[in-house]
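Participant: Right, I'll just put the structure down here and ask away after.
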Amino acid sequence: TTTTTTTTTSSAAAAAASGGGAAATLTESRNVLKKAMANLVLLLKQRGHTAELAVPTRVVVEQARVHADVANAHQQAPIADDINAVLRKLARELREYSQARDTNDDSVAATLCVQRCAAIVRELWQLSTRLEQLVCA
303 TTTTTTTTTS SAAAAAASGG GAAATLTESR NVLKKAMANL VLLLKQRGHT
353 AELAVPTRVV VEQARVHADV ANAHQQAPIA DDINAVLRKL ARELREYSQA
403 RDTNDDSVAA TLCVQRCAAI VRELWQLSTR LEQLVCA
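Position one of the sequence shown corresponds to residue 303 (the numbering used here), numbered consecutively onward.
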């Protein structure tokens, strides 16, 4: 499986943090985030190796951090905190998935990890949507 992703530049994150063009930055970040999350969940469902998950995971984390920067720039620290908490949950779940997958490819544990990761990704998307409603209103 080949995944192609683009990342928002640090200058875009800086613009978001300064408040200039935050809506455009957030919209671009959401587009990248949505694709990366879809790739990540698809690879998980296909029982992808940890190495295969690295790129979409990194992109999800990068875009979530852009979201957190935008949230902080718009006095929405609780949303930024929630995003960071979701990222910690995702990291923990991906570690468990890797261990479960390495132990037994079709294990119940791996299946449960995939389901929990999908739920965590949905939670991240809900936060992204909430932030968009606040910033782009």
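Heads up, the beta-carbon is just placed ideally off N, CA and C, and yes, glycines get one too.
1) By DSSP, does A439 sit in helix, in strand, or in coil?
2) Return the chain-ordered list of same chain residues with a C-beta closer than 6 Å to the C-beta of H376, the five sequence neighbours on each side being excluded.
3) For S400, report the span of its alpha helix (DSSP H) as first-last.
4) With 8 Å set as the bound, which would you pick, yes or no: does the beta-carbon of A382 sit closer than that to a beta-carbon of chain C?
5) Mapping DSSP to helix, strand and coil, what is R349?
6) With 16 as the cutoff for other CB atoms within 10 Å, does V410 come out buried or exposed?
7) Quick one, which of A325, A324, H369, V423 has its alpha-carbon nearest E395's?
8) Can you check which of these residues, Y399, L429, Q365, is closest to C415 by C-alpha distance?
9) Using the C-alpha atoms, what's the distance from A379 back to A387?
Facilitator: Looking at the atomic coordinates:
1) coil
2) V437
3) 379-405
4) The structure shown contains no chain C; it is built from a single protein chain.
5) coil
6) exposed
7) V423
8) Y399
9) 12 Å
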